[in-house]
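Q:
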Ligand code: ADP
Ligand code: ZN
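Residue numbers (our numbering): 88 to 822.
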C-alpha cells in the first residue's frame, strides 16, 4: 500500500483545492482524466482524477479510498484537462466546479460514457402492417409505429422517445401485445458515423472573400484572424471553405455560435453545403442527445461540432480549426457561477493546441480590434455585401419635432406604409418586452415598484399583471394608486403595446411579435422565425432576439423605436454596445436585391454619436471609442476584475467587501486601482442587497497575482458566510 499513488481529485464543490484519495482496494489505478466515485463527508460525489502524487499532507491512514472507478481510460485527455486547469486559474474559480462545467450533465452524475439504454424498435412482423389503416382506428399507435419505422433497426431509446411522444407508453402496450414492437437494452455507442450526403456547391468567392481565405490559410499553427465583415458580406461562405478544407485534411472543426444563433437556418446550410451532419451542443437538446454529440466529438467521429458557449470545453481528438461566429455577442460570457468567456477560452485553447482560430463579426469588439492594431491578430475586412445586396441607408427621426403616437412617429409610420405597399417586410425593434415599462399614478405620480428589487414593475396587458423583469415576481395590475387612490395608467412602450399600435394602424397587415414572452413554448421560436422567413408576416415587432443572424429575404425596412437608453449609459462600454445593437439589427434590412432602409427614432438627434455612426459606421464609432479608452485607461488598455457580494442585509454585503478591500490593499502594494466597495447599480435584486468592488490594473500579471492570493483568504473569512460572492474576471457587465 505504501507505493500506491495518492489521487488528486477535483470535486464539484465551491472550494479552490483538490482532494486526496487512495485507489480502490482491488488494485485498479484510475488514470488522470478518469472519473471516480468517492466518499465526501457523509455523501458520495463524482470526481475527476487530475493527477497522481507520491504524497499528501494527510497521513495515509486518514486518506479515504475511491469507491468506484467510472472510466477505464481518461474521459478528458491531457489537452482537455489543460483547458480545465487554465480556466480555473484564469477565472480564479474552484477547479472541481470547472471540471463539472466541462462535461455533460449525465457524466457529471456518474453515468457511463456509453450508457446502457432501453430502446424500443419495430419487429420483423411490423413490416406488413398497414399504418394508414391503423391510423384510422388508433392514430396514436400509428404515430408511434411511424416514428419507430423511420428510426430503423435500433429503434429509439426511451428517453428520446419520451421527448418526441410523451404518451408513447400507452400505445406501446397495445403494439407490443400484437408483437409489432419490442423493448430491449443496448449500449449507446456510435458504430456507424453519420452518413455523408452530397455536398452542394456555393457561389464563387469574391475578391475580398478570397483574400481573407488566403490569409487565414497561410497561417501555420496558432493564428487569430478577425473576420470583420458587414452583415451579408459572406463571412459564412468563408467559414464553409475553411471547414471543408480542414475536414478534408482529416481534422475536426469547432464552431461556436451565440445562444440564439444556432438556428435551423444555419444548421441546414452547414448540412447541405458540407454534406455532413454536424454534432450539435446547445441547451435545447436532451441530456442524452448532448452526451451523444460530446462523445462523437471526443472520439473524432464528428468532424464538425457546432455549439453554444459551453461547447468550448468539448474534447476533440483531432481538432484542426476553431471558429467563433458573432464574436461580439454577450452570450459568450457566462454571467453566473463560473463567469467565463467562451470566446476568450477558445482563443486560449487554439493557442495551446497551436491551431488557427477565426472570429467573425460585423461589429468586432474593441478588445479584438485592439489586438489587430497591435499586430497580434490579423484584421480581415469584408466591407461589401456579397452578391447584389446593397448596404442599408440609415436615417434619423427627431422625436422632438415629429409627432409620435404611442412610440410610433409619423415619418416612421409613413415609411412603414411605403415599404408595405411595395411588398417589403418591416421589422420594428424595441428592446423592451411587455406592454409598458412603467405603471404610474395619474394623481400623485407614484410608480409601481417591485417589492424585492430596486426596479419598476413592467405592465403585461394580456394577463393584466405587473411583472418584475429582474426577479420574476408578479402581481395583479393595480387599478388605483396605493398612495392617493387615483387611477393608474401605463407609461411608455414595450413590444406588446407596439404590437397593438401596429395592428390598429395597419389592420389589413399581419403583425407578428417575437420576444421571450411570445416564444416560451419549446420550438415556438424556430417556428416563428420560419414563418417570418417565409413572409407569413408583414410586420415583425420584437426585441434583441430578432436582431441576430436571421435572414428574412423580404425585409426592407428596420425601425428602431427607442435607441436613447444607450446614449447616456454609465458603463464604459455603452457606445460600443449601442453601435453594435443598431448595426446588427440594421443588418437585417435589404439582404437580397432590394435596398434596405433603417430609421432610428431619437429625442437627441444632435448627439455626436449619431453623426459618427451615420458618417463612419461602426468602424468610426469603434475607432473613437478605442481612442477614448486609451486616454482613460479602460479595457482593453487595462484589465478589470469585479468582486461581487449579495446578502439579505446591506451591511453584510459591504462588510465582506470591506474585508476584501483590506486584503487587496495588503497584497497589491500599489499595483492595482481599487474602486469601492459601492452599492451595485441595482442595489437590491430579488430581496438581496448587492455591492461590488472593482479592481483595475494595466498589469494583467499583477491583477492575477493578487486574485490568486485573495481567493483562499476570502473562502475562509467569517464575513463570507453571510454573503454570496463571486469573482468576475474581465466582466462585461459592471453591475
Ligand atoms: P454573412 O455570414 O457575412 O452574413 P453570408 O455568408 O450568409 O454572409 O452571405 C450572405 C448572402 O450572400 C448569402 O445568401 C450567400 O449565399 C451570398 N453570398 C456569399 N458570398 C457570395 C459570393 N461570393 N457571391 C454571391 N453570393 C454570395
Ligand atoms: Zn423584482
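We treat Cβ as the ideally placed atom computed from N, Cα and C, and that holds for glycine.
Would you kindly work out how many angstroms separate the C-alpha atoms of residue 193 and residue 121, rounded to a whole number?
A: Locating residue 193 in the chain shown gives position 106, counting from the first residue. Locating residue 121 in the chain shown gives position 34, counting from the first residue. Looking at the two C-alpha atoms, the distance is approximately 15 Å.
Q: Using the Cβ count rule (16 or more neighbours within 10 Å means buried), how would you classify residue 271?
A: Numbered from 1 along the chain shown, position 184 holds the residue referred to as residue 271. When all chains shown are included, residue 271 counts as exposed.
Q: Please classify residue 414: does DSSP put it in a helix, a strand, or coil?
A: For the purposes of this step, residue 414 is taken as residue 327 along the chain shown, with counting starting at 1. Here residue 414 sits in coil by DSSP.
Q: When the Cα of residue 419 is compared with those of 406, 434, 408 and 405, which residue comes out closest?
A: The residue given as residue 419 occupies position 332 in the chain shown. Nearest of 406, 434, 408 and 405 to residue 419, Cα basis: 434.
Q: Cα separation between residue 554 and residue 332?
A: Counting from one through the chain shown, the residue named residue 554 turns up at place 467. Counting from one through the chain shown, the residue named residue 332 turns up at place 245. Each residue's alpha carbon lies about 51 Å from the other.
Q: So, at 8 Å on beta carbons, what are the nonlocal neighbours of residue 581 in its own chain, with the 5 sequence-adjacent residues on each side left out?
A: As a first step, residue 581 is located in the chain shown; it is residue number 494 there, counting from the start. For residue 581, where only same-chain residues beyond five positions count, the Cβ hits under 8 Å are 517, 519, 520, 521, 522, 523, 524, 545 and 546.
Q: When every heavy atom of the ligand ZN is checked, does at least one fall within less than 7 Å of the C-beta of residue 605?
A: The residue you call residue 605 lines up with position 518 of the chain shown. It does not: the Cβ of residue 605 is nowhere closer than 7 Å to a heavy atom of the ligand ZN.
Q: Tell me the rounded alpha-carbon separation between residue 701 and residue 482.
A: In the chain shown, residue 701 corresponds to position 614, counting from 1. In the chain shown, residue 482 corresponds to position 395, counting from 1. Looking at the two C-alpha atoms, the distance is approximately 8 Å.
Q: Please say whether residue 392 and residue 429 have beta carbons closer to each other than 8 Å?
A: For this step, residue 429 is matched to residue 342 along the chain shown. For this step, residue 392 is matched to residue 305 along the chain shown. No, the Cβ-Cβ distance between residue 429 and residue 392 is not below 8 Å.
Q: Taking DSSP as the reference, what is the three-state secondary structure of residue 127?
A: As a working note, residue 127 is residue 40 in the chain shown. Strand at residue 127.
Q: Taking only runs of the beta strand (DSSP E) that begin and end inside the region 422–459, which ones reach a length of at least 3 residues, in chain order?
A: The qualifying runs are 443–448.
Q: Whole angstroms is fine: what's the gap from residue 207's alpha carbon to residue 359's?
A: Mapped onto the chain shown, residue 207 falls at position 120. Mapped onto the chain shown, residue 359 falls at position 272. Near 30 Å, if we compare the C-alpha coordinates of residue 359 and residue 207.
Q: Report yes if the C-beta distance between residue 759 and residue 744 is below 8 Å; otherwise report no.
A: Against the chain shown, residue 759 aligns to sequence position 672. Against the chain shown, residue 744 aligns to sequence position 657. Cβ atoms of residue 759 and residue 744: not closer than 8 Å.
Q: Would you kindly check if the distance between the Cβ of residue 165 and the Cβ of residue 93 is under 8 Å?
A: Stepping through the chain shown from its first residue, residue 93 is reached at position 6. Stepping through the chain shown from its first residue, residue 165 is reached at position 78. Cβ atoms of residue 93 and residue 165: not closer than 8 Å.
Q: Can you find a heavy atom of the ligand ADP that lies under 7 Å from the Cβ of residue 322?
A: As a working note, residue 322 is residue 235 in the chain shown. Yes.
Q: Among residues of its own chain, excluding the 5 on either side of residue 210, which ones have a beta-carbon nearer than 8 Å to its beta-carbon?
A: Indexing the chain shown from 1 puts residue 210 at position 123. 266, 267, 268 and 269, listed in sequence order.
Q: Have a look at residue 256 and residue 230 and give me their C-alpha separation to the nearest angstrom.
A: Numbered from its first residue, the chain shown carries residue 256 at position 169. Numbered from its first residue, the chain shown carries residue 230 at position 143. Roughly 12 Å between the two C-alpha positions.
Q: With residue 316 and residue 449 assumed to form a contact (beta carbons below 8 Å), what rounded beta-carbon distance in angstroms separates them?
A: For this step, residue 316 is matched to residue 229 along the chain shown. For this step, residue 449 is matched to residue 362 along the chain shown. About 6 Å separates the two Cβ atoms, so the contact holds.
Q: Looking only at its own chain, which residues have a Cβ that is under 6 Å from the Cβ of residue 634, when we skip the five neighbours before and after it?
A: Here residue 634 corresponds to residue number 547 of the chain shown, with the count starting at 1. Closer than 6 Å at the Cβ level, and outside the excluded window around residue 634, lie 671 and 672.
Q: Cβ of residue 309 within 8 Å of Cβ of residue 412?
A: Here the question's residue 309 lines up with position 222 in the chain shown. Here the question's residue 412 lines up with position 325 in the chain shown. Result no, Cβ atoms of residue 309 and residue 412 do not sit closer than 8 Å.
Q: Taking the alpha helix (DSSP H) that residue 320 falls in, what are its first and last residues?
A: By one-based count along the chain shown, residue 320 stands at place 233. Here residue 320 belongs to no alpha helix (DSSP H), and DSSP marks it neither H nor E.
Q: Starting from residue 246, trace the alpha helix (DSSP H) in both directions and tell me its first and last residue.
A: Here residue 246 refers to the residue found at position 159 when the chain shown is read from its first residue. From DSSP, the alpha helix (DSSP H) with residue 246 extends over 245–251.
Q: Got a sec: does the ligand GTP put a non-hydrogen atom nearer than 7 Å to the Cβ of residue 263?
A: This structure simply doesn't include the ligand GTP; it includes the ligand ADP and the ligand ZN instead.
Q: Taking only the alpha-carbon atoms, compute the straight-line gap between residue 573 and residue 528 and give it to the nearest angstrom.
A: The residue given as residue 573 occupies position 486 in the chain shown. The residue given as residue 528 occupies position 441 in the chain shown. The straight-line gap from Cα to Cα measures roughly 6 Å.
Q: Using three-state DSSP, classify residue 736 as helix, strand or coil.
A: In the chain shown, counting from the first residue as 1, residue 736 sits at position 649. Residue 736 falls in the coil class under three-state DSSP.
Q: By the 10 Å Cβ neighbour count, where 16 or more other Cβ atoms means buried, how is residue 355 classified, buried or exposed?
A: Along the chain shown, read from residue 1 onward, the residue named residue 355 stands at position 268. So residue 355 counts as exposed.
Q: Which residue wins for smallest C-alpha separation from residue 777, given the options 793, 791 and 821?
A: To locate residue 777, count along the chain shown from 1; it is residue 690. Nearest option by C-alpha distance: 821.
Q: By how many angstroms is the C-alpha of residue 750 removed from the C-alpha of residue 734?
A: By 1-based counting over the chain shown, the position of residue 734 is 647. By 1-based counting over the chain shown, the position of residue 750 is 663. Approximately 20 Å between the Cα atoms of the pair.
Q: For residue 480, which of helix, strand or coil comes out of DSSP?
A: Taking the chain shown and counting its residues from 1, the one referred to as residue 480 is at position 393. Three-state DSSP puts residue 480 in a strand.
Q: Are there 16 or more other CB atoms within 10 angstroms of the CB of residue 318, so buried, or fewer, so exposed?
A: Locating residue 318 in the chain shown gives position 231, where the first residue counts as 1. Classification for residue 318: buried.
Q: Tell me the DSSP secondary structure of residue 811 in three-state form.
A: Position 724 of the chain shown, counting from 1, holds the residue named residue 811. Reduced to three states, the DSSP call for residue 811 is strand.
Q: Mind checking which residues open and close the beta strand (DSSP E) that includes residue 272?
A: Here residue 272 refers to the residue found at position 185 of the chain shown. Looking at the DSSP string, the run of the beta strand (DSSP E) that includes residue 272 is 268–274.
Q: Runs of 3 residues minimum, wholly inside the region 660–685: which ones carry the beta strand (DSSP E) assignment?
A: Here no run is fully enclosed.
Q: According to DSSP, is residue 88 helix, strand or coil?
A: One-based indexing of the chain shown puts residue 88 at position 1. Low per-residue confidence applies at residue 88: pLDDT is 47, beneath 50, and the placement is therefore not dependable, though the value from the model is reported in the following sentence. Residue state, collapsed to three classes: coil.
Q: Out of 407, 818 and 641, state which residue places its alpha-carbon closest to the alpha-carbon of residue 658.
A: Walking along the chain shown from the start, residue 658 turns up at place 571. For residue 658, the nearest C-alpha among the options comes from 818.
Q: Give the straight-line distance between the Cα atoms of residue 773 and residue 655, rounded to the nearest whole angstrom.
A: In the chain shown, the residue the question calls residue 773 occupies position 686. In the chain shown, the residue the question calls residue 655 occupies position 568. Taking the straight line joining both Cα atoms gives about 26 Å.
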